[in-house]
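Novice: Residue numbers (the UniProt record's numbering): 1 to 205.
Beta carbons: idealized from backbone N, C-alpha and C, even for Gly.
Pasting a structure below so you can have a look.
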Amino acid sequence: MSVPWTIRELSRQAEQRLASDEAPANGQVRAVPDERSIRYYTTLGLLDRPHLQGRTALYGPRHLAQLVAIKRLQAEGRSLAEIQRVLPTLDDAALARTSGVELGPRPRAAGRRDFWRAATPPEPAVDPAPSIPAPPLTPTLELSLAPGVRLAFTAARPATDADAAALLAAAAPLLAELVRRHLVDLSDAALDPRSAHPDPQEDCP
Numbered sequence: 001m002s003v004p005w006t007i008r009e010l011s012r013q014a015e016q017r018l019a020s021d022e023a024p025a026n027g028q029v030r031a032v033p034d035e036r037s038i039r040y041y042t043t044l045g046l047l048d049r050p051h052l053q054g055r056t057a058l059y060g061p062r063h064l065a066q067l068v069a070i071k072r073l074q075a076e077g078r079s080l081a082e083i084q085r086v087l088p089t090l091d092d093a094a095l096a097r098t099s100g101v102e103l104g105p106r107p108r109a110a111g112r113r114d115f116w117r118a119a120t121p122p123e124p125a126v127d128p129a130p131s132i133p134a135p136p137l138t139p140t141l142e143l144s145l146a147p148g149v150r151l152a153f154t155a156a157r158p159a160t161d162a163d164a165a166a167l168l169a170a171a172a173p174l175l176a177e178l179v180r181r182h183l184v185d186l187s188d189a190a191l192d193p194r195s196a197h198p199d200p201q202e203d204c205p
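The structure is reproduced here in structure tokens:
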């Protein structure tokens with residue numbers, strides 16, 4: 001099965017990787033992640049955002065490595081809240097060891113730090129008068145919550161990966177409300193608003 005994969009193909013790839021693992025001790029944790037769980041993990045920031053080709057979400061080896069690592073950490077008894085703290089600290093080498101998925105050079109667009117986009121306008125071309133110092137530029141950051149939905153705000157400090165993960169998790173109810181009011185259409189995108197509150201048997205924290 002060639003790369004990139006659809007969300008269904010990603011689930012099958014993860015199933016093959018996890019086939020030889022022991023079943024999780026927690027009966028509420030699925031041994032194999034389904035499509036709904038994958039969308040939920042993306043909402044929490046545990047998975048990098050997929051590449052969108054039209055309205056189809058496409059995934060690669062790094063998504064597979066993250067997904068397998070999540071399930072193996074859960075099998076060790078880790079909660080999703082713990083995994084949210086641990087997973088971003090793993091570099092590519094550690095992620096590859098945990099998941100058993102070989103990772104090539106990380107694409108520039110796939111990095112977690114690319115969640116944040118500097119939206120500060122460029123400095124004016126005309127120099128200010130020598131007697132009047134130019135006011136400092138206030139950095140404005142943008143965070144992609146879902147296709148067509150962005151959060152923009154003035155940051156009081158540099159944003160971190162943990163900030164991105166926390167804001168993505170907190171935005172799930174907002175995205176669900178936007179879909180409920182038909183203000184956005186995320187039906188075929190990487191985020192399913194119904195997955196913001198999965199059933200108890202799903203992999204919810």
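I need the DSSP call for SER37, collapsed to helix, strand or coil.
Specialist: The residue you call residue 37 lines up with position 37 of the sequence shown. Helix at SER37.
Novice: Using the DSSP secondary-structure output, state which residues sit across from GLN53 in a beta bridge.
Specialist: Walking along the sequence shown from the start, residue 53 turns up at place 53. THR56.
Novice: Note down the Cα distance separating LEU64 from VAL101, rounded to an integer number of angstroms.
Specialist: Residue 64 sits at position 64 when you count from the first residue of the sequence shown. Residue 101 sits at position 101 when you count from the first residue of the sequence shown. Straight-line Cα distance between these residues: approximately 7 Å.
Novice: Which residue's Cα is closest to the Cα of LEU44: LEU183, VAL184, ASP161, HIS182?
Specialist: Residue mapping note: residue 44 aligns to position 44 of the sequence shown, counting from 1. That would be ASP161, whose Cα lies nearest to the Cα of LEU44.
Novice: Going by beta-carbon coordinates alone, are PRO147 and LEU52 separated by less than 8 Å?
Specialist: Working through the sequence shown from its first residue, we reach residue 147 at position 147. Working through the sequence shown from its first residue, we reach residue 52 at position 52. In contact: PRO147 and LEU52 (Cβ atoms closer than 8 Å).
Novice: Name the two residues that bound the continuous alpha helix (DSSP H) containing ARG97.
Specialist: Against the sequence shown, residue 97 aligns to sequence position 97. Counting along the chain, ARG97 sits inside the alpha helix (DSSP H) bounded by residues 92 to 99.
Novice: Can you name the start and end residues of the alpha helix (DSSP H) that ALA14 belongs to?
Specialist: Taking the first residue of the sequence shown as 1, we reach residue 14 at position 14. 7 to 18 is the extent of the alpha helix (DSSP H) around ALA14.
Novice: Please classify GLU177: does DSSP put it in a helix, a strand, or coil?
Specialist: Here the question's residue 177 lines up with position 177 in the sequence shown. Reduced to three states, the DSSP call for GLU177 is helix.
Novice: Hey, would you say ASP21 sits closer than 8 Å to ALA75, going by beta carbons?
Specialist: Stepping through the sequence shown from its first residue, residue 21 is reached at position 21. Stepping through the sequence shown from its first residue, residue 75 is reached at position 75. Yes.
Novice: Just confirm the distance between the C-beta atoms of ILE70 and TYR40, as a whole number of angstroms; I'd bet it's less than 8 Å.
Specialist: For the purposes of this step, residue 70 is taken as the residue at position 70 of the sequence shown. For the purposes of this step, residue 40 is taken as the residue at position 40 of the sequence shown. Rounded, the Cβ-Cβ distance is 11 Å, inconsistent with contact.
Novice: Can you look up VAL86 in the DSSP assignment and give me helix, strand or coil?
Specialist: The residue labelled residue 86 in the question sits at position 86 within the sequence shown. Reduced to three states, the DSSP call for VAL86 is helix.
Novice: Measure how close the beta-carbons of VAL68 and ARG17 come, nearest whole angstrom, since I'm counting them as under 8 Å.
Specialist: As a first step, residue 68 is located in the sequence shown; it is residue number 68 there, counting from the start. As a first step, residue 17 is located in the sequence shown; it is residue number 17 there, counting from the start. Right, their Cβ atoms sit about 5 Å apart.
Novice: What does the Cβ neighbour count give for ALA14, buried or exposed, with the cut at 16 atoms within 10 Å?
Specialist: Numbered from 1 along the sequence shown, position 14 holds the residue referred to as residue 14. Answer is buried; the Cβ neighbour count reaches 16.
Novice: Verify whether the separation of the beta carbon atoms of VAL149 and LEU167 is less than 8 Å.
Specialist: If you number the sequence shown from 1, residue 149 lands on position 149. If you number the sequence shown from 1, residue 167 lands on position 167. Cβ distance not < 8 Å, so VAL149 and LEU167 don't count as in contact.
Novice: So for ASP161, helix, strand or coil by DSSP?
Specialist: Counting from 1 along the sequence shown, the entry for residue 161 is found at position 161. In the three-state DSSP reduction, ASP161 falls in the helix class (H, G or I).
Novice: Can you tell me whether DSSP reads HIS63 as helix, strand or coil?
Specialist: Along the sequence shown, one-based indexing puts residue 63 at 63. Note: HIS63 maps to helix in three-state DSSP.
Novice: In angstroms, rounded to a whole number, what distance separates the CA positions of LEU143 and PRO61?
Specialist: Mapped onto the sequence shown, residue 143 falls at position 143. Mapped onto the sequence shown, residue 61 falls at position 61. Cα to Cα, the separation comes out at about 24 Å.
Novice: On the CB-based measure, 16 or more other CB atoms within 10 Å of its CB, does PRO33 come out buried or exposed?
Specialist: Locating residue 33 in the sequence shown gives position 33, counting from the first residue. Burial call: buried.
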